[in-house]
Amino acid sequence: MPRRASWIRPDHRARLLERGIVIVDDGGAPGRRHVRVSGHGAGVEEAARARLGDDIDVEVVGELPRRLEARRCVGYMEREPGRLQLRYVLKGNEHMDDIVVAEADEAVVVFATVCTSAGGERGASCEGPWHVYLERPLGNRTVVDGASGRRVPFKNVYVGLDRRL
């Protein structure tokens with residue numbers, strides 16, 4: 071969800087959105103206003119500047135307000151035979167789009183895509199679990215991250231849990 075800019079009037083936001091222009095982010099140094107927008111076709115920057123004012127620094131970050139990015143898997147654990155818990159780090163308003171799994175005799179390869187703001191995400195990073203189901207138990211197979219090509223480290227989420235309780 072785009073962050074709301076207090077200095078942008080709601081009617082300006084609505085008129086831009088009618089043209090398919092989304093205000094993704096605002097910012098800038100004190101005394102200087104900057105806005106990041108997304109929109110399709112020619113004239114997006116000009117339309118935003120015409121609506122918001124010529125003194126606004128307008129940056130077009132893409133055609134859509136969100137984009138997909140590959141994300142590296144930071145850990146795994148087979149929670150039960152055939153159910154693999156994968157761990158990824160997300161921040162701000164990011165969310166998991168999809169995790170593609172390919173199984174071979176010697177490895178299970180995982181490739182995740184995360185939906186993120188075209189203007190960049192703010193906020194603290196947070197590691198979380200996502201579960202995928204395998205055709206057969208993991209056994210001795212290696213888990214490989216498709217985004218980096220590297221082996222994913224085993225992460226026992228139960229270690230240290232009793233110390234927190």
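Position one of the sequence shown corresponds to residue 71 (our numbering), numbered consecutively onward.
From the three backbone atoms N, C-alpha and C, an ideal C-beta is built for every residue, glycine too.
Coil, strand or helix - residue i by DSSP
i	result
L204	coil
R149	strand
E197	strand
L231	helix
S108	strand
I236	Past the boundaries of the shown model lies residue 236; the chain is included only from 71 to 235, so the question cannot be answered.
R220	coil
Spatial distance of residue i from residue j (CA atoms)
i	j	result
V92	L154	38 Å
V171	L231	29 Å
G190	V130	13 Å
D124	E115	11 Å
L204	Y146	13 Å
A75	G97	Residue confidence for A75 is low, a pLDDT of 47 falling below 50, so the modelled location carries little weight; the figure read from the coordinates is stated next. Taking the straight line joining both Cα atoms gives about 8 Å.
G152	P135	36 Å
S218	L122	42 Å
E88	G109	11 Å
E133	V144	30 Å
T212	R192	34 Å
T183	G113	30 Å
G111	E148	47 Å
Span of the beta strand (DSSP E), counted from its first residue to its last, around residue i
i	result
R85	That residue, R85, is in no beta strand (DSSP E); its alpha helix (DSSP H) goes 80 to 88.
V179	177 to 187
I169	165 to 173
E129	127 to 132
A140	136 to 141
Residue j beta carbon less than 9 Å from that of residue i
i	j	result
W29	R103	Residue 29 lies beyond the stretch modelled for the chain, which goes from 71 to 235, so this question has no answer here.
C185	R106	no
P207	L156	no
A194	K161	yes
V159	D215	no
Status (buried if at least 16 other CB within 10 Å, exposed otherwise) for residue i
i	result
P72	Unreliable placement is indicated for P72, whose pLDDT of 48 sits below 50; no coordinate value is reported for it.
C196	exposed
A118	buried
E164	buried
D175	exposed
V178	buried
Residue i: first and last residue of the uninterrupted alpha helix (DSSP H) it sits in
i	result
E116	114 to 122
Cutoff 9 Å: residue i Cβ touching any chain C Cβ
i	result
Y203	This model lacks chain C altogether; it includes just one protein chain.
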